[in-house]
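Structure first, then comments.
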Amino acid sequence: MSSLTAVPISDQHTPKAGPVVCFGMITPARVLVVDELPDWNSGAVWTEGAEFISDDAAIVAGLLAGWGVDTELVGSALGDDDAGRKTVGMLRKMGVKGRFELRKDIETPFEVNVSDSRGGRTYYWNRRPELLRTLDDADLSALSDARMLYVDWYDAPHIERAMSQARRLDVPVFLNIEHAHQDADILASLAPYATVCQAVTDASQFGGDGKQVAKLLAENGVSSALVTLASQGALGMRNGTIIHVEVPALDVVDTCGAGATFSAAYINSWSNGSDLERSLRFAVAAASLKCSVVGPKAFPPEEIDKLADTLSVTRMS
Numbered sequence: 002m003s004s005l006t007a008v009p010i011s012d013q014h015t016p017k018a019g020p021v022v023c024f025g026m027i028t029p030a031r032v033l034v035v036d037e038l039p040d041w042n043s044g045a046v047w048t049e050g051a052e053f054i055s056d057d058a059a060i061v062a063g064l065l066a067g068w069g070v071d072t073e074l075v076g077s078a079l080g081d082d083d084a085g086r087k088t089v090g091m092l093r094k095m096g097v098k099g100r101f102e103l104r105k106d107i108e109t110p111f112e113v114n115v116s117d118s119r120g121g122r123t124y125y126w127n128r129r130p131e132l133l134r135t136l137d138d139a140d141l142s143a144l145s146d147a148r149m150l151y152v153d154w155y156d157a158p159h160i161e162r163a164m165s166q167a168r169r170l171d172v173p174v175f176l177n178i179e180h181a182h183q184d185a186d187i188l189a190s191l192a193p194y195a196t197v198c199q200a201v202t203d204a205s206q207f208g209g210d211g212k213q214v215a216k217l218l219a220e221n222g223v224s225s226a227l228v229t230l231a232s233q234g235a236l237g238m239r240n241g242t243i244i245h246v247e248v249p250a251l252d253v254v255d256t257c258g259a260g261a262t263f264s265a266a267y268i269n270s271w272s273n274g275s276d277l278e279r280s281l282r283f284a285v286a287a288a289s290l291k292c293s294v295v296g297p298k299a300f301p302p303e304e305i306d307k308l309a310d311t312l313s314v315t316r317m318s
């Protein structure tokens, strides 16, 4: 395991005043809602749909900008084509800052998500190596005065340069490692850079021991471990104390982007100086509200806070 140690964040903290920098792939996407996924070589009627900008770094940046947080997206290059120009226009309209590169030698990627009535989502993407490699030359100057860096393990190993730079600049890192903690090599290479690390129990998010996942992250150098548990809510661990927040009773329409919404909401609350419990409450509430609509949505903070206040919380060790 790396000898790096995480940058500590205590419950009493004063975040920097600079932007939250989100680093990763940029992919225009569409989500379609169906009652059930069709059998092979057949079809299904979709009932609702929405366009949005994916992957997780772009979703997080868009949501934070929607909540009025100073945000900069350092992303992969897009094609100098209609889809690329439309994507940049959508990001600008959302208030996301960044130097978005359009190149004639690549084609803008596209992602399709299908959400079903059981609360699952199936995604189809084309994360081509030449697109990911454009992250290796992306300008990291925004990190010089950043309050936090957000990255997702899906973009590894291309995120390691940004994480290393954040480390040198004493910028806290929020890593969404999802289920990749199950790979010892990935965990050892990424977790020591992370101040806050978000995970799921396994790839399908069914079953698993959230407490053990949180403890595993802590053992690998993470100061604050967050584990999302789908319909079971989420838990957070810091300094040996674990807080579990349950989800509210809301009708689930679409879970696409719920994990990224959780990340963005946690960062937003932390940016306002909130402690672990309040940030976790806000994140669970925001992700739950997102699941009640199609596509990512930055619900008003007042509405999220109101729901967060109602959530059941359990403390454990």
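With our numbering, the residue at position 118 of the sequence shown is 119, and numbering never jumps.
Every residue, glycine too, gets a C-beta built ideally from N, C-alpha and C.
For residue i, three-class secondary structure by DSSP
i      : result
Thr315 : strand
Val113 : strand
Val61  : helix
Ser142 : helix
Phe263 : helix
Thr72  : strand
Ala51  : strand
Val8   : Bear in mind that the predicted position of Val8 carries a pLDDT of just 40, short of 50, making it too unreliable to give a figure here.
Glu196 : According to the sequence displayed, residue 196 carries Thr and not Glu. In the structure shown, Thr196 sits in coil (DSSP, three-state: anything other than H, G, I, E or B).
Gly80  : strand
Lys98  : strand
Ser275 : coil
Arg122 : strand
Val89  : helix
Glu108 : coil
Val34  : strand
Phe300 : coil
Val174 : strand
His182 : helix
Gly209 : coil
Ala45  : coil
Leu136 : helix
When the options are compared against residue i, the one with the closest alpha-carbon
i      : options                           : result
Arg239 : Gly274, Glu247 and Cys198         : Cys198
Trp47  : Asp106, Asp117 and Ala259         : Asp117
Thr28  : Met317, Gly44 and Ala84           : Ala84
Tyr125 : Glu131, Val113, Leu188 and Val294 : Val113
Ala147 : Gln166, His159, Asp156 and Pro130 : Gln166
Asn127 : Tyr151, Asp140 and Tyr155         : Tyr155
Thr109 : Arg162, Ala30, Ala58 and Asp171   : Ala30
Lys98  : Gly80, Gly63 and Arg86            : Gly63
Glu303 : Val228, Trp68, Gly50 and Glu49    : Trp68
Gly19  : Leu170, Ile305, Leu227 and Gly209 : Leu170
Thr92  : Ile54, Cys257 and Ser224          : It should be pointed out that residue 92 corresponds to Leu in this sequence rather than to Thr. Nearest option by C-alpha distance: Ile54.
Gly211 : Ala286, Ala219, Leu230 and Met317 : Leu230
Cross-strand partners of residue i (DSSP beta bridge)
i      : result
Ile243 : Met238 and Met317
Met149 : Val21
Pro29  : Ile54
Ser225 : Val197 and Arg239
Leu103 : Leu79
Residue i classed as buried or exposed, judged by whether at least 16 other C-beta atoms fall within 10 angstroms
i      : result
Ser3   : Note that Ser3 scores a pLDDT of 37, beneath 50, so its modelled location is shaky and nothing firm can be said.
Pro297 : buried
Ser77  : buried
Thr164 : For the sequence presented, residue 164 should be read as Met rather than Thr. Classification of Met164: buried, given that the 10 Å Cβ count is 16 or more.
Ala250 : exposed
Ala266 : buried
Glu37  : exposed
Asn177 : buried
Thr202 : buried
Thr315 : exposed
- [ ] Inspect the CB distances between the region 258-265 and the region 284-302 and report whether three or more fall short of 8 Å.
- [x] As far as the Cβ criterion goes, the region 258-265 touches the region 284-302, which means the pair count is three or higher.
Open item on the list: Within 8 Å, do at least three Cβ pairs link the region 133-140 to the region 174-188?
Closed with: No: fewer than three Cβ pairs fall under 8 Å.
Requested in this report: Give a yes or no on contact between the region 104-112 and the region 237-253, applying the rule of three or more CB pairs nearer than 8 Å.
Outcome: Touching, no.
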